[in-house]
Every structure is written in structure tokens, then in C-alpha cells.
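Numbering (full-length UniProt numbering), first residue to last: 1 to 327.
Worksheet: the structure to be examined is printed underneath.
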Ligand code: F6P
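Spelled out as C-alpha cells, the structure:
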């Protein structure tokens, strides 16, 4: 193996740069050179690349975002563009490709592996932590802390005003972030897809709980952490409906993309360093079409096809603690 190609793809996540740093330094140790393709799969389709040397990956591990830029790439759904990717890989003498991203990016990688022998390895980078085959994804820890910091600040003003807040966190279709930060913030309620709440009953259920909580606690702050996409019309609409239902003004705060930015936490940098190095070593050992992950502290490889099944569970023990507290 002489040359490895690298892309970062899909929603960027703090720690992606640490993964790039680790891949390049590990590859260098094995006398392999690295080429970075820009803006996810777009860089592979359009052949936009530059060499990744030890010098240009120096002191990047802390940075949020990704030095390779990222993008979603609908063109990958078309065979002709996937063929173009293969052409680019061949033209640049790429012997192995590492894709740092989430499940959409891995689906793209899996499709490529159907039409080429060039081995591809995935590294899970997404704040959503919704990838099967790794207990944690790169970016989840930082995003959890960023969201928690924002919620703690909202708690200050909520306490001062004795107000009800709905705070929407990211996660696409996963409640990992919502449950994690909701528990840590001592949210009075958490709603996420894994709770399988009937959307028609959400308003009624929350209203009931707020009413009984306020009877027991008098005027008090009350925070509901909601995973995006749990309530179909979003946090703002939910706040309006609740306001009507209980007759007390509810405020909504959508944390949004701020959760994707910021300096990567120590946990994300070390995870990214391990998974990046393991991806290179796995390529050298001849693996293909797998993702490097960490399960119960052990480095593991999972077929790319099996990483995005949407079957990853939220921590059942945490969920149980929350449910007991609610009742
Ligand atoms: O997958 C990461 C993520 O931030 C999700 O949590 C969110 O639903 C989505 O990306 C937002 O994507 P975009 O930045 O393309 O709007």
C-alpha cells in the first residue's frame, strides 16, 4: 500500500481533524502517503485534492469542522458519478480510501465497494452517535458538552423567570444526544424517538406532567429537552400548543448547528486518534468495506452495510433512570 485517499463527508463533527491527523501520522509511520479529497464525495467526483503531509496536519486535532471541508453529495446516488469516483481513485493511484462520516457516507462507501477492488474503510464521525458498531462516534462527546453548556445557561434564565422551556437538540432520528444531555441537565422532561411517543399524545402528556409538577413545586423552571424530529412540527410549534393547553407561556429554543462546532473534547480527540490509526492498520492488513469502531473499549471492525441500520439503542439504564424519575 503506497497511497491512501481520505474524505470527510456528511455533517461535520468535532474530532474529524484529529482523525485526519492520526491517519496521516500512522500512514507516515508505514511509509504511506495520504491525499485529501475536498468537500466529501464531491472532491472524489470532481478530482479536487491535495497532499496531506505531516506539516499540513500539524496542530489541527483541536479544531472543530474539518480541514478537508465536508458536504452531502446527492450525486453519489447516480451510478455515473460513482464511476467517476473510481476513475479519480485510479488516476491518483489510490490503494485504499478512508471515509470519515456518518451512515449516509457509509452507504456511499458500500455502493463504491460493489464496483471496485480498492479497499474502503469507514471511521464514524457524527455528533448523532447513531452508528452501529461503535459505542461512541467522533463528535458526540463534544456536541453533548456544547448542548449541555447551552441548556445550563438557559436554566439560569428559566429559574429567574420561573419559565417553561422546550430546548430542541440535534440527532436527526436518534435520541442519543437528547437523552444524554437531558439527564445531565436534570431536565424535567426528555422526549426522543426511542420513547415511541404517539405524536398526538405528546402535548397532552407533557401538559399533564407540567401541571402536576407545578402543583408539587410551586412556581419553578421547567425544561423539556426534545430530540429534533420527535414532534413533527418542531419545538416552536410545540411551545405554542403547550402555551394554549396549559395557559402558561412556554418558550422554545432550537440549539441547531452550534452543536456541531467548537474545539473537540479530549474524549473525541483520543477516540478519533484510535479509530483513525486503526483504519490505516486495517487497510494495511487487507480489510475492505468495514468501519473501525470501539465497543466496550475494544477496537472492532463492522461491515459498512451493518453500521447504519438505525438499530442502535439509547442506554437502557439511563432511560430507566429517567422514566423512574418522571413517575
Ligand atoms: O448528522 C448530523 C446532523 O447535525 C444532524 O444532527 C442533523 O439532523 C443534520 O446533521 C443537519 O444537517 P444539515 O447541516 O445538512 O442541515
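No residue lacks a Cβ here, since even glycine has one placed at the ideal position from N, Cα and C.
In this structure, the C-beta of residue 128 approaches the ligand F6P to less than 7 Å from one of its heavy atoms.
DSSP assignment within the stretch 159 to 183 yields the following whole beta strand (DSSP E) runs of 3 residues or more, N-terminal first: 164 to 169.
Below 8 Å, enough C-beta pairs join the stretch 10 to 19 and the stretch 119 to 136 to call them touching: three or more.
Straight-line spacing of the CA atoms in residue 188 and residue 182 works out to 8 Å.
Distance from the CA of residue 73 to the CA of residue 155, rounded to the nearest whole angstrom, comes to 38 Å. Close CB contacts of residue 8 within its chain, under the 6 Å cut and outside five residues either way in sequence, are with 16, 66, 68, 70 and 100 (chain order). Here residue 254 has 168 and 235 as same chain residues with Cβ atoms under 6 Å from its own Cβ, once five neighbours each way along the sequence are excluded. The alpha-carbon of residue 20 is positioned some 16 Å away from that of residue 265.
Cβ-Cβ distances below 8 Å link residue 209 to 188, 189 and 326 in the same chain, with the five nearest sequence neighbours on each side left out; the list follows chain order. Going by DSSP, residue 71 is part of no alpha helix (DSSP H) at all; its letter is neither H nor E. Beyond the five residues adjoining it in sequence on each side, residue 287 comes within less than 8 Å, by CB distance, of 119, 121 and 301 in the same chain, given in chain order. Residue 280 sits in a helix when the DSSP states are folded into three classes. Remark: fewer than three beta-carbon pairs, one from each stretch, lie closer than 8 Å, so the stretch 41 to 53 and the stretch 142 to 155 are not flagged as touching. In this structure residue 211 is in contact with residue 246, their Cβ atoms being roughly 6 Å apart against a cut-off of 8 Å. When the beta-carbon positions are compared, residue 231 and residue 242 stay at least 8 Å from each other. Across the set 176, 115, 290 and 52, the C-alpha of 290 shows the shortest separation from the C-alpha of residue 133. Within the stretch 86 to 136, the runs of alpha helix (DSSP H) that reach at least 4 residues and sit entirely inside it are, in chain order, 103 to 113. Judged by beta-carbon spacing, residue 135 lies beyond the 8 Å limit of residue 103, meaning their Cβ atoms are not closer than that value.
Residue 44: not part of any beta strand (DSSP E); member of the alpha helix (DSSP H) spanning 41 to 45, first to last residue. In the displayed model, residue 34 falls within a strand according to three-state DSSP. Our two residues, residue 27 and residue 105, have alpha carbons roughly 22 Å apart in a direct line. Of 317, 112, 199 and 171, the smallest CA-CA separation from residue 79 is found for 112.
Counted as a single uninterrupted DSSP element, the alpha helix (DSSP H) harbouring residue 240 occupies residues 234 to 246. Assignment of residue 313 by DSSP, reduced to helix, strand and coil, places it in the coil class. Bounds of any beta strand (DSSP E) do not take in residue 216; it lies within the alpha helix (DSSP H) bounded by 199 to 217. For residue 9, no alpha helix (DSSP H) encloses it, and the DSSP letter there is neither H nor E.
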